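S.K.: With numbering that gives the first Met the number 0 applied, the sequence shown covers 0 to 302.
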Amino acid sequence: MALSGMLLNGASFHGGCCRHHVLLSSLGPLLSNSKLYSSYRRPGAGPEKKPSWQNVDFSFKKAFDHLKTQLSLLRKETQDYLLGPGGHPFNQHLLEQTRVLWQFRSQEDLNKWVISSDEEIGGKSKVHIKLGRNNQAALLYGTLNTEVPRDGETQYSGYCSMRSRPAVGSFNRKKYYDWSNFNSLYLRVRGDGRPWMVNIYTDPYFSHQKDDLYSYFMFTRGGPYWEEIKIPFSKFFLSSRGRVQDNQHPIWLDKASRLTLGFTIGDKVDGPFQLEINFIGLLNDRAHREEFAYEAYDKNTPV
0 MALSGMLLNG ASFHGGCCRH HVLLSSLGPL LSNSKLYSSY RRPGAGPEKK
50 PSWQNVDFSF KKAFDHLKTQ LSLLRKETQD YLLGPGGHPF NQHLLEQTRV
100 LWQFRSQEDL NKWVISSDEE IGGKSKVHIK LGRNNQAALL YGTLNTEVPR
150 DGETQYSGYC SMRSRPAVGS FNRKKYYDWS NFNSLYLRVR GDGRPWMVNI
200 YTDPYFSHQK DDLYSYFMFT RGGPYWEEIK IPFSKFFLSS RGRVQDNQHP
250 IWLDKASRLT LGFTIGDKVD GPFQLEINFI GLLNDRAHRE EFAYEAYDKN
300 TPV
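Written out as structure tokens, the structure reads:
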């Protein structure tokens, strides 16, 4: 508990490469209630007959307000850059041992996260998120259902997840993170005894890496008491499309762009679940010396 108090007291508070993505992001405020981005379409369902451009509604007032907001963000980013890394003096950045990334005290904090379930592929799992008691935590709850959709293609079902929205800078520019000063992820949670998967997504450099993510397990004990969980970054393993990769390497914490965090439950047990999260932060545990927990294989071993 003392460590969580220190973490909160020391608190300091992710654009596309193609031209059409840049254009759409720039025109975002002009497009009111538009449907330019296609949603998931179930297997066998036909495309919409109405062209997407017919749903566009231009609003110049929203565009002007958006421009003012982006200019103010740009000014703040410039001030923080001139002050030092992350808007802090350089000596303070070097000595920083704890940092709060997310805490849940208002609806605005919840809006930084996105929830999803197998309903997107025709499943029957339900997931919801709301503020907990006294507005001091996020309560993620729902029901897991492993019944497979009868679409002739889906083979597995039964998952729910919560994922942070990628943070962006002014004018929808990529926002880069530098977590190299820290070696552990630190959370204060209260669960119901079910296991969760903690996922870290990074912005891929090559297109074939878009499904890569780093994962590790989080086991909750249940009961009325909060628990503080520390997960070293050296424990996270690389997987792609649900398969653990042979070629393992640590997370590049100093080159993380549009880095997001997620929690997934999929333990194949039907029934209700819930997870309360008080805060999510970073910790520099000086007693932890491990660089990487898994053996790295050399694919091109010299003969």
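From the three backbone atoms N, C-alpha and C, an ideal C-beta is built for every residue, glycine too.
Here the structure is a predicted model, which is why all the values come from computation and not from measurement.
Tell me the DSSP secondary structure of residue 137 in three-state form.
M.R.: DSSP places residue 137 in strand when its eight states are reduced to three.
S.K.: Roughly how many angstroms lie between the CA atoms of residue 102 and residue 184, to the nearest whole one?
M.R.: In a straight line, the C-alpha of residue 102 is about 14 Å away from that of residue 184.
S.K.: Which first and last residues belong to the beta strand (DSSP E) in which residue 290 is found?
M.R.: Segment: none, residue 290 is in no beta strand (DSSP E) and carries neither H nor E.
S.K.: Which of the three DSSP states, helix, strand or coil, is assigned to residue 176?
M.R.: Looking at residue 176 - three-state DSSP - the assignment turns out to be strand.
S.K.: Considering only C-alpha positions, which residue in the set 275, 246 and 230 is nearest to residue 223?
M.R.: Of 275, 246 and 230, the residue nearest in Cα terms is 275.
S.K.: What span of residues does the beta strand (DSSP E) with residue 129 cover, start to end?
M.R.: 125-130 is the span of the beta strand (DSSP E), which, as asked, contains residue 129.
S.K.: Give a yes or no on whether the C-beta atoms belonging to residue 99 and residue 162 are separated by under 7 Å.
M.R.: In this structure, residue 162 does not lie closer than 7 Å to residue 99 by Cβ.
S.K.: Can you tell me whether residue 268 is buried or exposed, with buried defined as 16 or more other CB within 10 angstroms of its CB?
M.R.: Exposed, since its Cβ has fewer than 16 Cβ neighbours within 10 Å.
S.K.: In this structure, how does DSSP classify residue 261 when only helix, strand and coil are distinguished?
M.R.: Residue 261: strand per DSSP, three-state reduction.
S.K.: Using DSSP with H/G/I as helix, E/B as strand and the rest coil, what is residue 242?
M.R.: DSSP places residue 242 in strand when its eight states are reduced to three.
S.K.: Whose CA, out of 81, 179 and 191, lies closest to the CA of residue 225?
M.R.: The candidate whose alpha carbon is nearest that of residue 225 is 191.
S.K.: Indicate the three-state DSSP secondary structure (helix, strand or coil) for residue 111 in the structure shown.
M.R.: Here residue 111 sits in coil by DSSP.
S.K.: Taking the Cβ atom as the reference point for each residue, do residue 187 and residue 278 lie within a distance shorter than 7 Å?
M.R.: Yes, these two residues count as a Cβ contact at 7 Å.
S.K.: Buried or exposed for residue 151, please, with buried defined as at least 16 other CB atoms from any protein chain shown within 10 angstroms of its CB.
M.R.: Under this definition residue 151 is an exposed residue.
S.K.: Rounded to whole angstroms, what is the Cα-Cα separation between residue 37 and residue 179?
M.R.: With a pLDDT of only 45 at residue 37, under the threshold of 50, the placement of this residue in the model should not be trusted; the figure read from the coordinates follows. Roughly 37 Å between the two C-alpha positions.
S.K.: I need the straight-line Cα distance from residue 271 to residue 142, nearest angstrom please.
M.R.: Distance between the alpha carbons of residue 271 and residue 142 is about 4 Å.
S.K.: Return yes when the Cβ of residue 145 is within less than 7 Å of the Cβ of residue 156, no when it is not.
M.R.: In this structure, residue 145 lies closer than 7 Å to residue 156 by Cβ.
S.K.: Could you give the distance in angstroms between the alpha-carbon of residue 294 and the alpha-carbon of residue 82?
M.R.: Roughly 40 Å separates the two Cα atoms.
S.K.: Enumerate in chain order the residues of its own chain whose CB-to-CB distance from residue 243 is below 7 Å, with the five nearest sequence positions on each side excluded.
M.R.: Around residue 243: 236.
S.K.: What residues in its chain sit with their C-beta under 7 Å from that of residue 214, if we drop five residues either side in the sequence?
M.R.: So the list reads 196, 197, 198, 235, 236 and 238, once near-sequence residues are dropped.
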